[in-house]
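A.B. asks:
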Amino acid sequence: DTAVSQTPKYLVTQMGNDKSIKCEQNLGHDTMYWYKQDSKKFLKIMFSYNNKELIINETVPNRFSPKSPDKAHLNLHINSLELGDSAVYFCASSQLGGREVRETQYFGPGTRLLVL
Amino acid sequence: AQTVTQSQPEMSVQEAETVTLSCTYDTSESDYYLFWYKQPPSRQMILVIRQEAYKQQNATENRFSVNFQKAAKSFSLKISDSQLGDAAMYFCAYRSPNTGNQFYFGTGTSLTVIP
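So the sequences go chain by chain: A and W.
The numbering used here runs 186 ahead of the 1-based position in the first sequence.
The numbering used here runs 387 ahead of the 1-based position in the second sequence.
1. Relative to chain A, which residues along the segment 420-434 of chain W have a C-beta separation below 9 Å, given in chain order?
2. Can you tell me whether DSSP reads Val287 of chain A as helix, strand or coil?
3. Within 8 Å of any Cβ in chain W, is that where the Cβ of Arg288 of chain A sits?
4. Check whether the Cβ of Ala458 of chain W lies closer than 7 Å to any heavy atom of the ligand HEM, and answer yes or no.
5. According to DSSP, is Leu408 of chain W part of a helix, a strand, or is it coil?
6. Kindly give me the distance between the Cβ atoms of Phe451 of chain W and Tyr412 of chain W, rounded to whole angstroms, as I take these residues to be in contact under 8 Å.
7. My assumption, with CB atoms under 8 Å, is that Val435 of chain W sits in contact with Glu448 of chain W. Please give the rounded CB distance.
8. Quick check: what's the CA-CA separation for Ile264 of chain A versus Val198 of chain A?
9. To the nearest angstrom, report how far apart Ala258 of chain A and Gly296 of chain A are at their CA atoms.
10. Compute the Euclidean distance between the alpha carbons of Thr290 of chain A and Ser280 of chain A, then round it to the nearest angstrom.
11. Considering only the beta carbon of each residue, do Pro428 of chain W and Leu471 of chain W sit closer than 8 Å?
12. Give me the chain A residues within the contact set of Thr494 of chain W, using Cβ-Cβ distance strictly less than 9 Å, ordered along the chain.
13. Look at the alpha carbon of Glu439 of chain W and the alpha carbon of Asp418 of chain W, and state the distance between them as a whole number of angstroms.
14. What residue range does the beta strand (DSSP E) around Val453 of chain W cover?
15. So is Phe250 of chain A in contact with chain W if we call contact Cβ pairs under 8 Å?
16. Taking its Cβ as the centre, do 16 or more other Cβ atoms sit within 10 Å of Ala459 of chain W, making it buried, or is it exposed?
17. Going by C-alpha distance, which of A:Gly294, A:Leu282, A:Gly270 and A:Phe276 is nearest Gln200 of chain A?
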């Protein structure tokens, strides 16, 4: 069973379009994250939600808006896509405040976004 | 904010040999967690090994082990008997229990395994 899944895996789109990336985890975790990995492989956190509440919001353009309908889902919506948004976006989940295995973040397979 | 430094952008190792990837971090906290993640060409992030700062014993997972030096704030990864499948990008990560469960990642070390 897939622990953290993301759709789509690949996304090619034109500048100015609006797109969404979906993320779902079946681990029963209460915290989910979005990361952006650029062409140099730098991994930067964008957002984190705990029990559907935003707890981390790094400096990202407000064109990016996370939506958490429930604890198992954290979707990322991007408005007015720009060339610089091209990257791989990773969703991850963990259990806040736990010990041992629950401290670990589990990553999805990533979504490759290419903006033309 | 906590920072994680991986000073080796690229490393290479002969198959079956041992290689050590370095990681240092900066923190004023006493309780935290450290991780090594592997990212193969498929881009998926895979947990390799985990260390709790309150444990003095170094974590070990089969061919992977860490050298955790809390006073020096150092957390290196040793890969023994390197295999071709170990070729990947390796990220060191720090998790603070005090900043909303946020993880801080290093910039990664690209490991090449030479047959």
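Cβ coordinates follow ideal geometry from the N, Cα and C atoms, glycine included.
C.D. replies: Looking at the atomic coordinates:
1. Cβ contacts with chain A come from Tyr420, Phe422, Tyr424, Gln426, Ser429, Arg430, Gln431, Met432, Ile433 and Leu434.
2. Within the first sequence, the letter at position 101 stands for residue 287 of chain A. Confidence in Val287 of chain A is poor, its pLDDT being 43 and thus under 50, which makes the residue's placement too unreliable to answer from.
3. Counting from 1 along the first sequence, the entry for residue 288 of chain A is found at position 102. Interpretation of Arg288 of chain A is limited by its pLDDT of 48, a score under 50 that renders its predicted location unreliable; the figure taken from the coordinates is listed afterwards. Between Arg288 of chain A and chain W, the shortest Cβ-Cβ separation is not below 8 Å.
4. Absence of the ligand HEM is noted for the structure shown, with no ligands found whatsoever.
5. Here residue 408 of chain W refers to the residue found at position 21 when the second sequence is read from its first residue. Per DSSP, reduced to three states, the secondary structure at Leu408 of chain W is strand.
6. One-based indexing of the second sequence puts residue 451 of chain W at position 64. One-based indexing of the second sequence puts residue 412 of chain W at position 25. Not a contact, Cβ separation roughly 19 Å.
7. As a working mapping, residue 435 of chain W is identified with position 48 in the second sequence. As a working mapping, residue 448 of chain W is identified with position 61 in the second sequence. The pair is a contact, with the Cβ atoms about 7 Å apart (cut-off 8 Å).
8. Counting from 1 along the first sequence, the entry for residue 264 of chain A is found at position 78. Counting from 1 along the first sequence, the entry for residue 198 of chain A is found at position 12. Rounded to whole angstroms, Ile264 of chain A to Val198 of chain A spans 13 Å at the Cα level.
9. The sequence position of residue 258 of chain A within the first sequence is 72, counting from 1. The sequence position of residue 296 of chain A within the first sequence is 110, counting from 1. Rounded to whole angstroms, Ala258 of chain A and Gly296 of chain A show a C-alpha spacing of 17 Å.
10. What you label residue 290 of chain A is simply residue 104 of the first sequence in a count that begins at 1. What you label residue 280 of chain A is simply residue 94 of the first sequence in a count that begins at 1. Counting only the Cα atoms, Ser280 of chain A lies some 6 Å from Thr290 of chain A.
11. Within the second sequence, residue 428 of chain W is the residue found at index 41, counting from 1. Within the second sequence, residue 471 of chain W is the residue found at index 84, counting from 1. No, the pair does not count as a contact, with Cβ atoms beyond the cut-off.
12. As a first step, residue 494 of chain W must be located in the second sequence, where it is residue number 107. Chain order gives the chain A residues near Thr494 of chain W as Lys226, Lys227, Phe228 and Leu229, where near means a beta carbon separation below 9 Å.
13. The residue you call residue 439 of chain W lines up with position 52 of the second sequence. The residue you call residue 418 of chain W lines up with position 31 of the second sequence. Our two residues, Glu439 of chain W and Asp418 of chain W, have alpha carbons roughly 8 Å apart in a direct line.
14. Mapped onto the second sequence, residue 453 of chain W falls at position 66. Unbroken beta strand (DSSP E) run through Val453 of chain W: Phe451 to Gln456.
15. As a working mapping, residue 250 of chain A is identified with position 64 in the first sequence. No - not a single Cβ of chain W is within 8 Å of the one on Phe250 of chain A.
16. For the purposes of this step, residue 459 of chain W is taken as residue 72 along the second sequence, with counting starting at 1. So Ala459 of chain W ends up on the exposed side.
17. On the first sequence, position 14 is the one that residue 200 of chain A refers to. For Gln200 of chain A, the nearest C-alpha among the options comes from A:Gly270.
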